[in-house]
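Report on one structure; see the data block that follows.
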Amino acid sequence: MAEVDELVRDLLDAHSLTRAVLSKPRARELPAKVTVEPVELRGEMSYRFTTQLADRTLHENLAPAEARERLGVLLVDYRQGLLQSAEADWQVLGEKVLRRPPTRPRAERSHDRRKRYFLEEGTPVPFLVELGVMTADGAVRKSRYDKFRQVNRFLELVDDVVPNLPAEGKLHIVDFGCGRSYLTFALHHLLTVLRGREVDLVGLDLKEDVIAECSALADRLGSTGLRFERGEIAGFDAGGVDLVVSLHACDTATDEALAQAVRWEAAAILAVPCCQKEAYGQIESGLLQPLLRHGLAKERFAALATDALRAQLLELAGYRTQLVEFVDLEHTPKNVLIRAVRGQPAGADVQRAYEELRDSLGLEPSLERLLSVR
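Pasting the structure below:
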């Protein structure tokens, strides 16, 4: 670990660390992820350690000397570490350190800093120019600024799971229901341009005109490793897959995508469900009748219950799962994104909690059936 210790010391002594992400804990009782970022508190340099627990997030600010010691310990406790500076990224895999091109600018440490985006206004991004979000000189069109923010928010969510993907070799990704593909092209840009990775990314959709349009755009942009195919979610044969994305697959099509991702043993899953009709038609509960008698309340509750049950099923299948907010301007104002990374199967307590919630609402989730026959 001498090389790792030296790297940590050099980055913190020079105040050049912009972020560190620790993932894949060696022990099951450890938190799923720890993030470290520099902050300036009352004029003094500190490092904020953000620990993601199952039910809450903890924050702790440490002085540089304490932070250096803590980070050194964490790099032993976690199988993967990503250390970032303005000069380079370092992937730490045990005693092995891989240097990559930098993907983050130097940190602005004040709490008053302006919101930073992965895609910055003023810097032309070819796919955003082609899709009409940016002008040729990189200005974001006023009418498309919400789309610009949505794309950047999506990239934040993807970036959080990148440390859980294989650190070397080509990344294999499937995007089910890619649609007009703003976010598919954004994902390709993040991984290839900002991360310097080689990818095999396939966008899948049922509409022939969508596939033709997206394929033509990929050709114009010279998007190496990006292709679009017409096909169903169920039964799609892609071989080994590292990341599965499913945005707005309607009703139980989301369950088909999640089940397929589990069959492939994908390292990470990102899914935004849509039009969740199955639970709405099944849900029954005398206790909740005052809520369920109102169509709008019933619809929203059924959707949240469905996603909570999906999250528990993914945990039982061996994934650490979170439900996070995703701003989606084309469907509903705010959606839930299911974010899951591969870990260890949950225990009997999660199984019991899942069954109690399912039975109390009178539901028969499609995902449970699909996973039982995988």
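Anchor point for the sequence shown: position 162 equals 147 in the numbering used here, and the numbering is continuous, going up by one each time. For glycine and all other residues, C-beta sits at the position ideal for the given N, C-alpha and C. Just so we're clear, the structure is a prediction, and the values are computed from it rather than from any experiment.
| Item | Value |
| --- | --- |
| Helix, strand or coil at E(-12) [DSSP, three-state] | helix |
| Nearest to V247 (by Cα), restricted to the options F213, E284, E300 and I196 | E300 |
| 8 Å Cβ shell around S270 - same chain, five flanking residues per side excluded | L277, S345, L346 and G347 |
| Segment contact, 8 Å Cβ cut-off, at least three pairs: the stretch 64 to 71 with the stretch -3 to 13 | yes |
| Integer-rounded CB distance, given that I268 should sit under 8 Å from A293 | With a Cβ gap of about 13 Å, A293 and I268 do not count as contacting. |
| Spatially closest choice to E353 from T120, T239 and L59, by CA coordinates | T239 |
| Three or more C-beta pairs below 8 Å linking the stretch 218 to 226 and the stretch 245 to 259 | yes |
| C-alpha distance - S95 paired with E29, whole-angstrom precision | Here the model assigns S95 a pLDDT of 46, short of 50, so the residue's position is not dependable and the matter cannot be decided. |
| Residue from E193, T120, V229 and R33 whose Cα sits closest to the Cα of E45 | R33 |
| Same chain, Cβ closer than 8 Å to E14, five either side skipped, listed in chain order | none |
| C-alpha distance - L356 paired with L172, whole-angstrom precision | 27 Å |
| Option in E51, V226, T291 and R138 with minimal Cα separation from A252 | V226 |
| Spatially closest choice to G207 from P111, V147, A256 and V21, by CA coordinates | P111 |
| Beta-carbon contacts of R343 that lie in its chain and below 7 Å, excluding the five residues immediately before and after | L294 and P350 |
| Option nearest H174 by Cα separation, candidates E141, L191, R129 and E250 | E141 |
| Under the three-state DSSP convention, the category V61 falls into | helix |
| Complete runs of the beta strand (DSSP E) confined to the stretch 181 to 223 [at least 3 residues] | 184 to 190 and 211 to 215 |
| Alpha-carbon to alpha-carbon, D131 and F170 | 17 Å |
| One or two residues paired with E25 in a DSSP bridge | M30 |
| Backbone CA spacing between I323 and L47 [nearest angstrom] | 31 Å |
| Opposing strand residues paired with A259 [DSSP bridges] | First, the residue type needs correcting, since residue 259 is Cys and not Ala in the sequence shown. C259 is bridged to C235. |
| Nearest to A167 (by Cα), restricted to the options V159, E193, C199 and R180 | It should be noted that the sequence gives Tyr, not Ala, for residue 167. Of V159, E193, C199 and R180, the residue nearest in Cα terms is C199. |
| Supposed contact pair G210 and D190 - C-beta distance, whole angstroms, cut 8 Å | That belief does not hold up - the Cβ atoms of D190 and G210 are roughly 18 Å apart, past 8 Å. |
| Beta-carbon spacing of V146, V326 below 8 Å | yes |
| Buried versus exposed, by CB contacts within 10 Å (16 or more), E(-12) | exposed |
| Beta-carbon spacing of T306, Q261 below 8 Å | no |
| Run of the beta strand (DSSP E) containing S128, from where it starts to where it stops | Segment: none, S128 is in no beta strand (DSSP E) and carries neither H nor E. |
| Secondary structure of T120, DSSP reduced to three states | coil |
| Buried versus exposed call for P86 [16 or more other C-beta atoms within 10 Å across all chains shown] | exposed |
| Residues that DSSP places opposite F161 in a beta bridge | L189 and S231 |
| Neighbour flag for D(-5) against chain D, beta carbons, 8 Å | The structure shown contains no chain D; it holds only a single protein chain. |
| Which listed residue (D(-10), R129, T35 and R138) has its alpha carbon closest to that of N365 | A query on residue 365 cannot be resolved here, the shown segment of the chain reaching from -14 to 359 and no further. |
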